[in-house]
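Number of protein chains: 10
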Amino acid sequence: MTGRNQEEVKGITLLGNQGTAYPDDYAPQVLETFVNKHPNHDYFVKFNCPEFTSLCPITGQPDFAAITISYVPGERMVESKSLKLYLFSFRNHGDFHEDCMNIIMNDLIRLMDPKYIEVWGKFTPRGGISIDPYCNYGKPGTRWEEVAWNRLANHDLYPEKIDNR
Amino acid sequence: MTGRNQEEVKGITLLGNQGTAYPDDYAPQVLETFVNKHPNHDYFVKFNCPEFTSLCPITGQPDFAAITISYVPGERMVESKSLKLYLFSFRNHGDFHEDCMNIIMNDLIRLMDPKYIEVWGKFTPRGGISIDPYCNYGKPGTRWEEVAWNRLANHDLYPEKIDNR
Amino acid sequence: MTGRNQEEVKGITLLGNQGTAYPDDYAPQVLETFVNKHPNHDYFVKFNCPEFTSLCPITGQPDFAAITISYVPGERMVESKSLKLYLFSFRNHGDFHEDCMNIIMNDLIRLMDPKYIEVWGKFTPRGGISIDPYCNYGKPGTRWEEVAWNRLANHDLYPEKIDNR
Amino acid sequence: MTGRNQEEVKGITLLGNQGTAYPDDYAPQVLETFVNKHPNHDYFVKFNCPEFTSLCPITGQPDFAAITISYVPGERMVESKSLKLYLFSFRNHGDFHEDCMNIIMNDLIRLMDPKYIEVWGKFTPRGGISIDPYCNYGKPGTRWEEVAWNRLANHDLYPEKIDNR
Amino acid sequence: MTGRNQEEVKGITLLGNQGTAYPDDYAPQVLETFVNKHPNHDYFVKFNCPEFTSLCPITGQPDFAAITISYVPGERMVESKSLKLYLFSFRNHGDFHEDCMNIIMNDLIRLMDPKYIEVWGKFTPRGGISIDPYCNYGKPGTRWEEVAWNRLANHDLYPEKIDNR
Amino acid sequence: MTGRNQEEVKGITLLGNQGTAYPDDYAPQVLETFVNKHPNHDYFVKFNCPEFTSLCPITGQPDFAAITISYVPGERMVESKSLKLYLFSFRNHGDFHEDCMNIIMNDLIRLMDPKYIEVWGKFTPRGGISIDPYCNYGKPGTRWEEVAWNRLANHDLYPEKIDNR
Amino acid sequence: MTGRNQEEVKGITLLGNQGTAYPDDYAPQVLETFVNKHPNHDYFVKFNCPEFTSLCPITGQPDFAAITISYVPGERMVESKSLKLYLFSFRNHGDFHEDCMNIIMNDLIRLMDPKYIEVWGKFTPRGGISIDPYCNYGKPGTRWEEVAWNRLANHDLYPEKIDNR
Amino acid sequence: MTGRNQEEVKGITLLGNQGTAYPDDYAPQVLETFVNKHPNHDYFVKFNCPEFTSLCPITGQPDFAAITISYVPGERMVESKSLKLYLFSFRNHGDFHEDCMNIIMNDLIRLMDPKYIEVWGKFTPRGGISIDPYCNYGKPGTRWEEVAWNRLANHDLYPEKIDNR
Amino acid sequence: MTGRNQEEVKGITLLGNQGTAYPDDYAPQVLETFVNKHPNHDYFVKFNCPEFTSLCPITGQPDFAAITISYVPGERMVESKSLKLYLFSFRNHGDFHEDCMNIIMNDLIRLMDPKYIEVWGKFTPRGGISIDPYCNYGKPGTRWEEVAWNRLANHDLYPEKIDNR
Amino acid sequence: MTGRNQEEVKGITLLGNQGTAYPDDYAPQVLETFVNKHPNHDYFVKFNCPEFTSLCPITGQPDFAAITISYVPGERMVESKSLKLYLFSFRNHGDFHEDCMNIIMNDLIRLMDPKYIEVWGKFTPRGGISIDPYCNYGKPGTRWEEVAWNRLANHDLYPEKIDNR
Ligand SMILES: [Ca+2]
Ligand SMILES: [Ca+2]
Ligand SMILES: [Ca+2]
Ligand SMILES: [Ca+2]
Ligand SMILES: [Ca+2]
Ligand SMILES: [Ca+2]
Ligand SMILES: [Ca+2]
Ligand SMILES: [Ca+2]
Ligand SMILES: [Ca+2]
Ligand SMILES: [Ca+2]
Ligand SMILES: [Ca+2]
Ligand SMILES: [Ca+2]
Ligand SMILES: [Ca+2]
Ligand SMILES: [Ca+2]
Ligand SMILES: [Ca+2]
Ligand SMILES: [Ca+2]
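Residue numbers (the numbering used here), protein chains in the order written: chain S, 5 to 169; chain E, 5 to 169; chain W, 5 to 169; chain U, 5 to 169; chain F, 5 to 169; chain B, 5 to 169; chain A, 5 to 169; chain C, 5 to 169; chain L, 5 to 169; chain G, 5 to 169.
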């Protein structure tokens, strides 16, 4: 027995699909959504994406990061295989770490119109220093707007230990 | 000497019982409760359930998660062996990660009428991405309703490190 | 040189005492106290007790837990060797996990009349599930009463990782 | 550009294939192989399989294990998606831990005729005890036969720390 | 479908059995065995037993240890639920750490006549020092006799880090 | 394709540049900035700098620290390679740990005029004691001023475990 | 070049000094201070002191602790080598764990007149139980007085895992 | 002062060089060497390369691995920046995990003619299983040939713990 | 019931004894032994002693170490409480790290005449460097003499990670 | 009481000495030794040196490493404070990682004429790759010569996990 019927998975074309084509460059158009079956009760969904890679826009050198995306769904939710393809589209794309995180967040806001979302990237070091950008967003006019500010103001009071090894 | 008398364990039929029958599919009816002996003093009980498995509703592939269930009991409490059987009933059942967590929470609310409850699932990755849904609930009209909102708004400010290994 | 004189350790009969007799069953009477020398300045004392064991009241099977007891002393403080003997008295006593934690807290409240106390038990799994009860208390009429509520409402927002190994 | 041509991936029908059917019970027939391109130079390949689950043949209760499979290929190598389906076929199959590990090893020996193979299962506890079987094999008449004995005789001199949490 | 038939589980009376009676003191008679289905191929089975407790024979104070038992089966194998009951029988029994480990090994040798066995106990500290005894055995006249000596001679070259916390 | 055009990286002279000259002593003048492309949306950027070293102003002995710098950009952002050179300029400079952290924070405030910044240094021990200074700043007249106070007041409630090994 | 001139290190007699004499018993008089160069900007300084040892006032048995001292300096700051000597003076001094922490805090308050200070000791176990006292202080009449209360009220919501090994 | 003169770094064109061009596909020609100044004394050099990525030759999906390369130099040694560019050239190249490791080892043997070399790749999971190939080589006619066999025969007796998270 | 009778604990005067007197300086005379009940079967006993402290013979500064003592008993075994007192006698004694470890080993050899013994001390750093001496011994004329050499020759091939924090 | 008399610490001029002068560049002349009091019994001494830093001879960029030095003393032993000063002398010296390790080993051989020595450096990454050289030496004509070969041939079969964070 399965808990989702055909109607409820409408719009999902990539999950379980064989010949997936991988995009060559930044491709927000691959993102897909499905309907949120619990729209009246706010809850969190987190994606752990430790296999992100992009290019340095100045030197062309590859960059690597573990990205965490956490959001409170509105009426639609992002499908995870399409998210994988979207993140994969940065593979041969050049951008600063800080820009990548803001772009990902903004694309997901446009896609899903979530109540809340935050994106945190943790990159590997270059020259002994690593960079971890964090951005977030609460839907204007909802109580999640204030939550976004509070979460930003209390962000990362306990930085994790990094020793470059 | 034992602290619970016969009256106080009434309703427990599975714990200590031989020949337990394991259900074939989603079976909320196996859940059992016992009486809360400390009803006037709110306290938390947490279940750690790292052996959860279900099926993907699209591909049929098995999914695995560690689930944490935390609640503040009202007058009845869920018996842990029946909880084990209930979670086991998802073994051959297909549902999205996000739906599973909401279903488990709602079944336990119906069963126990708790003052507060939260359910957090942490799944293993597929295609390099893992998904961790979190939902919670505070009994309407009690101060736990506001607690639920505060806990949701402050949820997971420090995502754990995931590297898919 | 020693910082405590004879007067200040009055009431301590077990610490440093040879032929300690170990009780056979639940024995709150073994608990002893000594005077708090800093009564005008609230502070915390935590006991880490990873060697707790009791029996399942239904099956007789032994249970194991790590218990943490944290309190803010009033005029008297519990002596740690007597606490050890008290916890040891659960060794052949049968009670549910949730009951044990509430009983320990209530016995210590009666003994010391502390300003604040909390007890957290973390048990080993049976059938793949482990149970962690947490209870706390603030002395009525003091500001610790509100603290108790706040600590309960914010309890365990970051459940530790459990994998049963 | 790709390093394997069509000829070299002949026999792989499951990897990249959409409508994979998941078997209901123990199914060694789903295993597939591909050709080893480096047959003249012995090397190791290890599979980490932390998502194994089977049933207790006596109680029907689900068991969980992390399995490690390490082998030195001969002329054919097992394809990993077919290995996934094979391991998945134990999901509703009942067998003792020790039997499961021996069965998996023997099936892979029959399939690939490897020079060397070892299988190590690490199960979650039941009643406070967990069981970790380990079996291995070296192809008779090769120097890997002696290696198998030496690896068995020196097996697990440093058991990992287990605390059931 | 199940891999073990009735004949092959003959002699197992405790696993899956409801009203198990827990022994009051050291009880080697509760140990049970079942037949080894792979007797012609030596392999290891390890039991992780982190919930062992006994008493100090001098002071009566409870002792706690994590015990690891590793063996190579001969014709019979110890059943794990009976092993649990056997280890539980030390709960109210007084013996030195070093004696407990030797007794457990000798009882299992008598029970199973294994080809090889080793027992390693890791106790919690008393007075700032903890004790970890390790004993092993190889069946005389087999090649496991020499393995036992080699494993003993190379025992624990990398002691784990202990800080009593 | 690259997300930053020439205009947007104006002012960056060190990143991707060959013959970088390393300064001999404290050199705030090497710091460079680039434009913040998301100025209307506050977000955090963290630098992990585990390779900091300076000298003791009294004894000349080298000191080592892991420094974390977290800030909310205003209109300009510090370029990471120039930050590396700046931190490197402390290599042969003598100053107390507490002074170094305050100097770094003040130089970055002058450089970038950030909305918020905090600097946390964690030094290695001398004589068995290690020192970890933490300072922060919120831009006066913005809501980040109050954030700075709140973050300071809630600083480091959970000191990490240090054992000098 | 060095950031502190002679005037700014006035009062430091021990750092860099040969032939330091180690005191025989509790010696608050060895503590030295230096001037805070950033008095208008509140910041934290933390000392990690994992090598603390004293004696039990009842049994004479040595006790060991890791102590963390965190403070917000006023006009003077404690010099770390003198702090080392001061803590060393407890080596042959007998006092209860709870008393030691309060004494250290009070001595440092008298010495430096800090805006805020907290002292947390984490001792090794005796008889299976370890004790962790925590005390703090905010200068009366400053906003740090309220901070002290808030930090106490929110103290240690996530007790670290202790297993006595 | 510097320990290597111009003559001794002859052949290094990439290290310290600005406009490095990153290759589009598998490019062994970018590898560079420098002279070994200690040729008469065998020693090991290990490269830790946790940022390796390639493509699946069947599905085009990106794969990620941490690669360890350990070797004993002969007369020439591989320069690390050229090694970085070489490994980067697999970024858009499709090959099986097992093939990638063998190719890397063979390219480095051709380049440096080392006395010994081993390559170990640890990939992230797909469908719940991860693959870790290991290959090695000892120069024929030297004592390193036997070392290679011994290291292979004793490879990975203690597989690391993997839980896909 | 207790496994050791009065005869078998003859010679133990300190364990369970109240008014233990703690020695002022190096005191090998406090060591006590008891009879080994398993003399015909060689086995290991390890003591973990993480609370060792002595003084620097040059500066008088206290030193701290975690000591591991592993031995194979002959006819007598060292009693652990007397070992505690013996190690405590170094508290106000000055000696180099390397000398302390050799002295402890030699005292225990004289006391117990063991078949094999090794002592490993791991000290905390001074000036950024820590020292870990290791010595061992096999009884001349027994096979443990060769074991001692082999263990020394293979000592510590995998040094633990130390970062002074 | 102190275990080393004046005669036995002859040659130590730096330990406990105030105005230590720190050398500007590579300075093997600062190394000092003292007599080995246990010359007839071979034992190991390990130095953990996690605070090593040098310069890249090509780019001038600072490099950081944790170095482990393990040796078996002959008649003289290196004094640790002089070793600290010696390692500090690399601070402004440029050399390849591989050269630094060989130079350190050779200097210590010349200084102490040890029976055995090994030096292992573990550097932080540049461009995503880190380098760990390892060299060792056994005194010719002693049995330590063969030990050196065996330790080299079995070096680092279990590379530690590195993720550049
Ligand atoms: Ca780098
Ligand atoms: Ca790290
Ligand atoms: Ca996958
Ligand atoms: Ca991980
Ligand atoms: Ca269980
Ligand atoms: Ca665990
Ligand atoms: Ca269990
Ligand atoms: Ca564990
Ligand atoms: Ca103790
Ligand atoms: Ca520990
Ligand atoms: Ca540490
Ligand atoms: Ca621990
Ligand atoms: Ca993991
Ligand atoms: Ca030091
Ligand atoms: Ca450390
Ligand atoms: Ca790491």
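Beta carbons are placed, not taken as given, at the ideal position from N, Cα and C, and that holds for glycine.
Own chain, CB closer than 7 Å to residue i, minus 5 neighbours either side, in chain order
i	result
Met126/G	Per the sequence shown, the amino acid found at residue 126/G is Lys instead of Met. Counting only Cβ-Cβ distances below 7 Å, and skipping sequence neighbours, we find Ala69, Ala70, Asp136.
Pro32/F	Tyr90, Asp111
Where the alpha helix (DSSP H) through residue i begins and ends
i	result
Lys50/S	Unbroken run through Lys50/S is the beta strand (DSSP E), 48-59; no alpha helix (DSSP H).
Ala70/G	Note, Ala70/G: premise wrong, no alpha helix (DSSP H); beta strand (DSSP E) at 66-76.
Arg155/G	148-157
Phe92/G	84-92
Cβ-Cβ separation, residue j to residue i (assumed contact under 8 Å), whole Å
i	j	result
Glu102/E	Val76/S	Going by Cβ atoms, the distance from Glu102/E to Val76/S rounds to 12 Å, so no, they are not a contact pair.
Leu156/W	Asn140/W	6 Å
Ser52/C	Thr72/C	In the sequence under discussion, the amino acid at residue 52/C is Asn, which differs from the Ser named in the question. Right, the Cβ-Cβ distance comes to about 6 Å (below 8 Å), so this counts as a contact.
Asn40/L	Met81/L	5 Å
Asp117/G	Gly78/G	5 Å
Phe94/F	Arg8/L	Going by Cβ atoms, the distance from Phe94/F to Arg8/L rounds to 14 Å, so no, they are not a contact pair.
Asp167/F	Pro54/L	5 Å
Sequence-distant residues of its chain with Cβ nearer than 6 Å to residue i (five each side left out)
i	result
Gly98/G	Leu59, Pro61
Trp124/E	Thr72, Tyr138
Nonlocal neighbours in the same chain, by C-beta distance under 8 Å from residue i, ignoring five residues either side
i	result
Glu149/A	Gly142, Lys143
Thr17/B	Glu36
Val34/B	Leu18, Pro27, Ser86, Leu89, Tyr90, Ser93
Val151/W	Tyr120, Gly142
Where the beta strand (DSSP E) through residue i begins and ends
i	result
Asp117/F	Taken as a continuous stretch (DSSP letters only), Asp117/F belongs to no beta strand (DSSP E), as it is neither H nor E.
Ser134/E	134-142
Phe38/W	37-39
Chain-ordered residues of the segment 140-160 of chain A with a beta carbon less than 9 Å from chain B: Arg147, Trp148, Glu150, Val151, Asn154, Arg155, Asn158, His159, Asp160
Closer than 6 Å to ligand 10: residues, by C-beta to nearest heavy atom, in chain order: Asp167/F, Arg169/F, Arg169/A
Short-range partners of chain C found in the segment 73-93 of chain S, where Cβ spacing is below 7 Å: Phe92
Members of the segment 24-38 of chain A that neighbour chain B once the beta carbon cut-off is set at 7 Å: none
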